[in-house]
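Notes for the one structure printed next.
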Amino acid sequence: IEHGTYRYSTLKDVEDKIYFNHDYMENYMIGLAISNFIWDTHIAIRRYFIDLMQNNNIFGKYLEIGPGHGNFFLQSLKFGQFSELLGVDISPTSCEMTKKIVSFNDHKAKQKCQFICMDFLEYDFNEQFDFITIGEVLEHVENPKNFLNKARKILSDDGNIFITVPINGPAVDHIYLFSHPDEVKNMIKNCELEIVKEEYFMANNYSLKKALETRNAIIMVALLKKL
Numbered sequence: 380i381e382h383g384t385y386r387y388s389t390l391k392d393v394e395d396k397i398y399f400n401h402d403y404m405e406n407y408m409i410g411l412a413i414s415n416f417i418w419d420t421h422i423a424i425r426r427y428f429i430d431l432m433q434n435n436n437i438f439g440k441y442l443e444i445g446p447g448h449g450n451f452f453l454q455s456l457k458f459g460q461f462s463e464l465l466g467v468d469i470s471p472t473s474c475e476m477t478k479k480i481v482s483f484n485d486h487k488a489k490q491k492c493q494f495i496c497m498d499f500l501e502y503d504f505n506e507q508f509d510f511i512t513i514g515e516v517l518e519h520v521e522n523p524k525n526f527l528n529k530a531r532k533i534l535s536d537d538g539n540i541f542i543t544v545p546i547n548g549p550a551v552d553h554i555y556l557f558s559h560p561d562e563v564k565n566m567i568k569n570c571e572l573e574i575v576k577e578e579y580f581m582a583n584n585y586s587l588k589k590a591l592e593t594r595n596a597i598i599m600v601a602l603l604k605k606l
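Heads up, my numbering is the position in the sequence shown plus 379, with the first residue counted as 1.
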């Protein structure tokens, strides 16, 4: 990140190495899933999401783009009031992991869950959703604005989009570098969305100011709605 970019910059650079590499992807997702219970930042974000589901009147159709290891999807199933839940992921390994987690935790509830294994940008949706989760995904795509724009198009008028976005957070499959929260905010505004609430979670218990000064990892969390 000291050069203003991540190591890779296109989906093609990483899809065969990671997303379509079953063994690598499985180990990667298991590691991320474990981090939800041992890394303070991910623990705090998981609790934030559960609190959002429990203390708001959230119902209707749920879409998660890139469910990965399935944690957000499972919390939405357990604590949300959704009639239908759909997960879309480019990685076959991620799709299978989320299916297994849902089936293991709530065998009956899986009947209202559906999973599509393909690129979100290429899938032709013919419905709208009341709540869309995009958890640590925008940094994995070449043009996050186009990605968020498509999500907005399939969001119901009174719906919300929940995003988590790493800032200065290098990982092997991160291809789009956000170096400051203002970049994310400008993208949101340009997509004709507005922030309902936002929160920042820093590694090493840094303040936001210190994390930005030292380019330490930050995860920005925001709940969005249409303008």
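Just so you know, even glycine gets a beta-carbon here, dropped at the ideal spot from N, CA and C. Computed from a predicted model, the values in this text were never measured in an experiment.
inquiry  = Three Cβ pairs or more, each shorter than 8 Å: is that satisfied between the segment 578 to 589 and the segment 514 to 522?
reply    = Cβ pair count under 8 Å is below three, so no.
ask   = Near GLU571, which residues of its chain fall below 6 Å by C-beta distance, leaving aside the five closest residues on each side in sequence?
value = Around GLU571: LEU606.
message = Since ALA596 and ASN528 should fall inside the 8 Å C-beta cutoff, what is the C-beta to C-beta distance between them, to a whole number of angstroms?
response = Separation of the CB atoms of ALA596 and ASN528 is rounded to 26 Å, and the pair is thereby denied contact status at 8 Å.
query = In chain order, which alpha helix (DSSP H) runs of at least 4 residues are fully inside the segment 501 to 582?
reply = Every unbroken stretch of the alpha helix (DSSP H) spanning 4 or more residues and falling wholly within the segment 501 to 582 is given here in chain order: 523 to 532 and 560 to 569.
ask   = Tell me, which residues are paired with MET476 by DSSP?
value = Note: MET476 sits in no beta bridge, so no partner.
key: Through-space distance from SER482 to GLU458, alpha-carbon basis   = According to the sequence displayed, residue 458 carries Phe and not Glu. Approximately 16 Å between the Cα atoms of the pair.
task = Return the CA-CA distance between ILE598 and HIS421, expressed in angstroms with no decimal places.
result = Whole-angstrom Cα-Cα distance: 9 Å.
query = Which first and last residues belong to the beta strand (DSSP E) in which SER586 is found?
reply = That residue, SER586, is in no beta strand (DSSP E); it is neither H nor E in DSSP.
inquiry  = Could you give the first and the last residue of the continuous alpha helix (DSSP H) run that contains ILE422?
reply    = Judged by DSSP secondary structure, ILE422 falls within the alpha helix (DSSP H) whose first and last residues are 419 to 433.
inquiry  = Suppose you measure from the CA of LEU603 to the CA of THR512; what does that come to, to the nearest Å?
reply    = If you take the alpha carbons of LEU603 and THR512, they lie about 10 Å apart.
ask   = What three-state label does DSSP hand ALA488 in the structure shown?
value = Here ALA488 carries a helix assignment [DSSP, helix/strand/coil].
ask   = Cβ of ASP503 within 6 Å of any heavy atom in the ligand COA?
value = Questions concerning the ligand COA fall outside what the structure shown contains, since it holds no ligand whatsoever.
key: VAL544 beta carbon less than 7 Å from that of PHE499   = The answer is no: Cβ separation not under 7 Å.
request  = Output the boundary residues of the alpha helix (DSSP H) element that contains PHE499.
outcome  = Per DSSP, PHE499 belongs to no alpha helix (DSSP H) and is neither H nor E.
message = Checking 7 Å against the spacing of the C-beta atoms, do GLU577 and THR472 come in under that value?
response = No, the pair does not count as a contact, with Cβ atoms beyond the cut-off.
request  = State the DSSP-derived secondary structure class of LEU390, mapped to helix, strand or coil.
outcome  = DSSP places LEU390 in helix when its eight states are reduced to three.
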